[in-house]
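**Student:**
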Amino acid sequence: MKQKIFITLVYFLTLTLLANCVMAQPTGKTKTEMYRPQIHFSPDAHWINDPNGMVYENGVYHLFLQYHPYSSVWGPMHWAHATSKDLIHWEEQPIALFPDSLGCIFSGSAVVDKKNSSGFGKNGKAPLIAIFTAHNLEGEKAGQNNFQNQSIAYSNDHGQTWTKYSGNPVIKNPGIRDFRDPKVMWYEPQKKWVMTLATKDRVTFYSSPDLKNWIKESEFGETLGSHGGVWECPDLFTLNDKGKKVWVLVVNINPGGPNRGSATQYFLGDFNGKTFTASHKDIKWLDYGPDEYAGITWSNTGDRKIFLGWMSNWQYASKVPTTVWRGATTLPRELLLKHVGDKTLVASTPVKELSVIYSKLKVIENLTLNGKIDLFDKLGLSQFPCRINLTFEKTDDFTLTVQNKKGEELVIGYDKMHNQYFIDRSASGKVDFEKGFGAKHVAPRFSNNTDIKISLVIDESSVELFADDGLTTMTEIFFPNAPYNKINLQSTSILKIKKLEYIKLNSIWK
Ligand code: FRU
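In structure tokens form, the structure reads like this:
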């Protein structure tokens, strides 16, 4: 009898403890599947591609995404929705936009209509307006060329629910098959909205007083920039250059990227409310790695420009060996203009908010690299995800080899002879799901500093390299057969490391 009472007691105690544990969990789930990004947004389940409708409002960063809620491959697009207060921890929200009679919901943007120019505001509160492409799948299948049109929707409850405008579409297709991805901004000098739209091999600018009635202003880019593929997901904004405003036009392109497939190019220049004029002829890439695409910036963040992309590539996005979900976003990055000699470049660095997940920190100064160092041995720490910052005293070859017990490796380094950074994932693990995935990718070094400074952010299945304070950026995904657990740092010459910083990053899902 006593034994029975004891067992019952233990049983109820365990249940209470378990229930408490579950309830004590902060919002958001623990996501622990193999390859699950721990410091990047990825959906609980199913397919995502481009980030959409990124807008900051009422203390919340909104991130909408191209989403197929019924499988882990691309299908009729919806807008998924996630929110964050710090750009790092994300909470998934109900689906924001569903396909309608005009089509499924392709990429687009969102703005806060502060002056209620649209008239959709209620009770004196500014509405959120989403501007997106309605993609008619039947029209596409039937071989028509006007199946992409621009529509809008509004929200009066901070993005929780959306109503489509009854007068959609607001811009009708003039007969261009690729006519999509509207990015809208407020142009203060002429008090009007400006839309940058990807139209096949160029961008077309439209303007509107009320987000409903649009007129065409001009076209840009037919003979400028990279044209190895179709132009998609553009963005137009200003960056500060020593007190002066410089206009930046971002144009995603697929294929035709510097390391095959999808990539983000940009132009610097001037915009007068009507036309954009580039100030250079050379092609500029925001990220040289193969796995940052469809990147655009948040709306309504003042002078700060925060960029985020989809961390994949159309070459193999639907084949990557993840399980219940496919697709993740890059880290949010702050964009800044920098000068090197007579070149002006857009540099990207992880947003400062990343520090909310910093845990253990280890710093070693003045370390001499003579051959090979086992970094985790040296640091007495060995965990991913992590951020590693390194400053080398001179410009010379080095490699960082991230390895697992199976001998699979990802090699990141600098090649002095070619003045290039590189990431080689040829032997990084699962590579044969697509011919060409297992390759070495290179990116030019722009900085002319004598020392080299790099920052690496390594997650379960991705690495982001920010070299020379973000002048050269590369994003790559990888899929080892066993988790990586070691990093070797190597150089062929004697190389002094001024500073080595290791920061363990906490999972954003715990
Ligand atoms: C870019 C893109 C967009 C389009 C969307 C469809 O990755 O092709 O041009 O709107 O994805 O999902």
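To convert a position in the sequence shown, counted from 1, into our numbering, add 122. Glycine included, C-beta positions come from ideal geometry on N, C-alpha and C. Owing to the predicted nature of the structure, the values given are computational and were not obtained by experimental measurement.
#1: At a cut-off of 7 Å, is Thr255 close to the ligand FRU when judged by its beta-carbon and the heavy atoms of the ligand?
#2: Residues in the same chain with beta-carbon distance under 8 Å from Thr149, minus the five sequence neighbours each way, listed in chain order, please.
#3: Express the C-alpha separation of Lys396 and Leu346 in angstroms, rounding to a whole number.
#4: Would the beta-carbon of Tyr415 be found less than 7 Å away from any heavy atom of the ligand PLP?
#5: For Ile428, write down the residues that DSSP places opposite it in a beta bridge.
#6: Verify the contact flag: Asp222, CB atom, against every heavy atom of the ligand FRU, threshold strictly below 7 Å.
#7: Cβ of Phe228 within 7 Å of any heavy atom in the ligand FRU?
#8: Is it right to say Ser548 is buried, meaning 16 or more other beta carbons lie within 10 angstroms of its own, or is it exposed?
#9: Is Ile210 helix, strand or coil when you go by DSSP?
#10: Out of Lys621, Gly535, Pro380 and Pro165, state which residue places its alpha-carbon closest to the alpha-carbon of Glu515.
#11: Where does Tyr311 land, buried or exposed, given buried means 16+ other C-beta within 10 angstroms?
#12: Would you call Met539 buried or exposed, if buried means 16 or more other Cβ atoms sit within 10 Å of its Cβ?
#13: Using a Cβ-Cβ cut-off of 6 Å (strictly less than) and excluding sequence neighbours within five positions of Asn511, which residues of its own chain qualify?
#14: Quick one: residues in its chain with C-beta nearer than 6 Å to the C-beta of Phe389, no 5 flanking neighbours on either side, listed in chain order?
#15: Any heavy atom of the ligand FRU inside 7 Å of the beta-carbon of Met199?
#16: Output the boundary residues of the beta strand (DSSP E) element that contains Gly391.
#17: Extract the residue ranges of the beta strand (DSSP E) inside the region 345–384, only unbroken runs of 3 or more that lie entirely within it.
#18: Any heavy atom of the ligand FRU closer than 7 Å to the beta-carbon of Asn610?
#19: Any heavy atom of the ligand FRU inside 7 Å of the beta-carbon of Asn302?
#20: Report yes if the CB atom of Thr657 is closer than 8 Å to the CB atom of Thr594, and no otherwise.
#21: Is Ile479 closer than 8 Å to Val524 when the C-beta atoms are compared?
#22: Which whole-angstrom value is the C-beta distance of Met650 and Phe163, which I expect to be below 8 Å?
#23: I'd like to check one pair, Lys313 with Tyr328: are the Cβ atoms closer than 8 Å?
#24: Buried or exposed: Thr386, going by 16 or more other Cβ atoms within 10 Å of its Cβ?
#25: Quick check: Phe186 and His168, are their CB atoms within less than 8 Å of each other?
#26: Relative to the C-alpha of Gly351, which candidate in Ala320, Tyr178, Ala561 and Asp519 has its C-alpha closest?
**Tutor:** Once the coordinates are examined:
#1: Taking the first residue of the sequence shown as position 1, residue 255 is located at position 133. Thr255 Cβ: within cutoff of the ligand FRU.
#2: Looking up residue 149 in the sequence shown gives position 27. Caution applies to Thr149, whose pLDDT of 41 falls short of 50 and renders its modelled position unreliable; the model cannot decide the point.
#3: In the sequence shown, counting from the first residue as 1, residue 346 sits at position 224. In the sequence shown, counting from the first residue as 1, residue 396 sits at position 274. About 18 Å.
#4: Summarising the ligand content, the structure contains the ligand FRU and does not contain the ligand PLP.
#5: Walking along the sequence shown from the start, residue 428 turns up at place 306. Ile428 is bridged to Glu456.
#6: Translated into the one-based positions of the sequence shown, residue 222 becomes position 100. Not so, every heavy atom of the ligand FRU lies at least 7 Å from the Cβ.
#7: Here the question's residue 228 lines up with position 106 in the sequence shown. Yes, since a heavy atom of the ligand FRU falls inside the 7 Å radius drawn around the Cβ of Phe228.
#8: The sequence position of residue 548 within the sequence shown is 426, counting from 1. Counting the other Cβ atoms within 10 Å of the Cβ of Ser548 gives fewer than 16, which makes it exposed.
#9: Numbered from 1 along the sequence shown, position 88 holds the residue referred to as residue 210. Note: Ile210 maps to coil in three-state DSSP.
#10: For the purposes of this step, residue 515 is identified with residue 393 of the sequence shown, where counting begins at 1. With distances taken between Cα atoms, Glu515 lies closest to Lys621.
#11: By one-based count along the sequence shown, residue 311 stands at place 189. Note that residue 311 is Pro in the sequence shown, not Tyr. Pro311 comes out exposed.
#12: Stepping through the sequence shown from its first residue, residue 539 is reached at position 417. Exposed, since its Cβ has fewer than 16 Cβ neighbours within 10 Å.
#13: Locating residue 511 in the sequence shown gives position 389, counting from the first residue. Cβ neighbours of Asn511 beyond the five flanking positions: Ser577 and Glu623.
#14: Along the sequence shown, one-based indexing puts residue 389 at 267. Excluding five sequence positions before and after Phe389, the CB atoms of its chain that fall closer than 6 Å to its own CB belong to Leu371 and Ala400, given in chain order.
#15: For the purposes of this step, residue 199 is taken as residue 77 along the sequence shown, with counting starting at 1. Yes, the beta carbon of Met199 sits closer than 7 Å to at least one heavy atom of the ligand FRU.
#16: Looking up residue 391 in the sequence shown gives position 269. Boundaries of the beta strand (DSSP E) around Gly391: Ala385 to Phe393.
#17: 352–363 and 366–376
#18: On the sequence shown, position 488 is the one that residue 610 refers to. Checking the Cβ of Asn610 against the ligand FRU gives no.
#19: Position 180 of the sequence shown, counted from the start, is the residue given in the question as residue 302. In the sequence under discussion, the amino acid at residue 302 is Arg, which differs from the Asn named in the question. Yes, Cβ of Arg302 sits closer than 7 Å to a heavy atom of the ligand FRU.
#20: Outside the shown range of the chain, which is 123 to 632, sits residue 657, and nothing can be said about it.
#21: Locating residue 524 in the sequence shown gives position 402, where the first residue counts as 1. Locating residue 479 in the sequence shown gives position 357, where the first residue counts as 1. No.
#22: Since the displayed the chain opens at 123 and closes at 632, residue 650 lies outside it and no answer follows.
#23: For the purposes of this step, residue 328 is taken as the residue at position 206 of the sequence shown. For the purposes of this step, residue 313 is taken as the residue at position 191 of the sequence shown. In this structure, the beta-carbon distance from Tyr328 to Lys313 does not fall below 8 Å.
#24: Taking the sequence shown and counting its residues from 1, the one referred to as residue 386 is at position 264. Thr386 comes out buried.
#25: Mapped onto the sequence shown, residue 186 falls at position 64. Mapped onto the sequence shown, residue 168 falls at position 46. No, these two residues do not count as a Cβ contact at 8 Å.
#26: The sequence position of residue 351 within the sequence shown is 229, counting from 1. Nearest to Gly351 by C-alpha distance, out of Ala320, Tyr178, Ala561 and Asp519, is Ala320.
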